[in-house]
Amino acid sequence: MAGVTAGLWLAVLAAFGFSLKAIFVKLAYAAAPVEAVTLLALRMAFALPVFLWVGLHSSRGAVPLERRDWALVVALGLLGYYGASIFDFLGLRYISAGLERLILFTYPTLVILIGVLFLGQHIGRREWAALALCYVGIAAAFAHDLGMSRDTAAVWVGGGFVFASSLSYALYLSGSARMIVRLGTARFTALAMLVSTAATLVHFFATQPLAALVQPLPIYGYGLAMAILSTVIPVFAQSAAIRRIGSGRAALIGMVGPLLTIVLGWWLLGEAISAWQMAGAALVIAGIALVGRRSAA
């Protein structure tokens with residue numbers, strides 16, 4: 001019981017941290033004309049010392065990884081926090097933070113479908129009902145955001161990038177549960193993040209001049225905030241939640257993210273908020289409560 005409760009709260013903490021990421025990205029784009037890959041490189045570079053320390057500490061005395069383990073860690077690292085992040089950062093150039101979070105949170109359905117179709121997993125009626133409640137709520141808020149937009153082409157382009165991010169993250173979550181059990185939460189997460197950081201920096205140096213790292217002070221501030229509040233803390237919280245309650249339930253609990261981003265976008269970015277969005281958020285909360293009671297049981 002205690003482990004399940006801790007898993008639920010860790011999943012909520014991860015959702016809050018990940019929700020802040022979109023806010024920091026939009027604030028950075030408003031502060032200076034920074035490229036998505038440059039902003040992502042700053043985020044990962046600031047987080048690098050933590051992941052190096054955790055990776056070295058957790059690997060001390062541990063069983064060496066086999067070739068298959070390394071292949072899975074590299075693949076999941078590329079999918080989870082490199083692929084998902086770069087697509088998300090690109091999408092945020094075109095759409096609002098609230099709409100980004102709504103599209104991004106299609107990943108729980110993808111996690112469930114991947115589990116059912118390829119991993120032999122089964123979920124109960126209560127989880128399906130919770131999923132339906134959450135997505136009816138997301139659809140209501142999505143309709144509001146789409147109706148408010150004057151540039152539907154930009155919405156579709158940005159939405160396409162963010163959906164690619166959602167798919168990449170769903171693949172990461174689906175493959176990470178087994179590796180977390182095998183390697184441990186801290187070791188797997190640190191290694192996957194080191195792979196993501198290496199891929200991000202290679203991408204940056206291959207496409208941008210070194211001078212692109214010279215940015216106004218606010219950009220460094222947002223990069224550091226993303227590194228700590230939207231990367232280090234939620235990444236480890238998410239992995240710990242997956243270990244306790246599984247990837248499917250962790251993904252469903254994380255659907256509180258759209259509500260958080262809508263509220264934060266209204267408060268910090270001046271994005272519109274409506275009765276449709278609040279009604280949608282209420283349905284999301286109802287779905288999360290349903291999953292929470294099931295998990296506790």
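Take the sequence shown: its position 83, counting from 1, is numbered 83 in full-length UniProt numbering, and each next residue is one higher.
The beta-carbon is built from N, C-alpha and C at its ideal position, and this holds for glycine as well.
| Check | Outcome |
| --- | --- |
| Outcome for Val116 when other beta-carbon atoms lying within 10 angstroms are tallied against a minimum of 16 | exposed |
| For Thr5, three-class secondary structure by DSSP | helix |
| Contact check, Val12 vs Ile245, beta carbons under 8 Å | no |
| Distance, Tyr29 Cα to Ala6 Cα | 36 Å |
| Alpha-carbon spacing of residue 300 relative to Thr197, whole angstroms | Residue 300 cannot be examined here, being either before or after the span of the chain that is shown, 1 to 297. |
| As assigned by DSSP and simplified to three states, the class of Ser165 | helix |
| Beta-carbon proximity of Pro234 to Ala45, cut-off 8 Å | no |
| Residue 299 in three-state terms, based on DSSP | Not covered by the structure: residue 299. The range shown for the chain is 1 to 297. |
| Residues of its chain near Leu42, where Cβ-Cβ distance is below 6 Å and the 5 sequence neighbours each way are ignored | Gly223 |
| Of the listed residues Ser96, Ile86, Gly280 and Arg187, nearest to Thr38 (C-alpha basis) | Ile86 |
| Completely contained alpha helix (DSSP H) runs for the UniProt domain "EamA" (6-140), where each covers 4 or more residues | 36-59, 67-77, 84-91, 97-104 and 107-118 |
| Inter-residue CB distance, Ala143 and Trp276 (contact presumed, cutoff 8 Å) | 7 Å |
| The alpha helix (DSSP H) enclosing Ala212, as first and last residue numbers | Element bounds for Ala212: n/a, residue is neither H nor E. |
| Secondary structure of Ala296, DSSP reduced to three states | Reliability fails at Ala296, whose pLDDT of 45 lies under 50, so the model's placement of it is uncertain and the value that follows must be treated cautiously. Residue state, collapsed to three classes: helix. |
| Cβ neighbours of Leu104 in the same chain (closer than 7 Å, five flanking residues each side left out) | Asp88, Val162, Ser165 and Ser166 |
| Cα-Cα separation between Cys134 and Ile112, rounded to whole angstroms | 14 Å |
| Nearest residue (CA-CA) to Phe188, options Thr200, Ala199, Leu173 and Thr207 | Leu173 |
| Alpha-carbon spacing of Val263 relative to Ile273, whole angstroms | 8 Å |
| Inter-stretch contact (C-beta, 8 Å, three-pair minimum) for the segment 55-72 and the segment 204-218 | no |
| Under the three-state DSSP convention, the category Gly184 falls into | coil |
| Cβ neighbour criterion (16 or more within 10 Å) applied to Val256 | buried |
| Where the alpha helix (DSSP H) through Gly257 begins and ends | Gly257 to Leu264 |
| Under 8 Å between C-beta atoms of Met179 and Gly77 | no |
| Where Glu66 falls, given that 16 or more other Cβ within 10 Å makes a residue buried | exposed |
| For Val136 and Leu283, the rounded distance between their alpha carbons | 7 Å |
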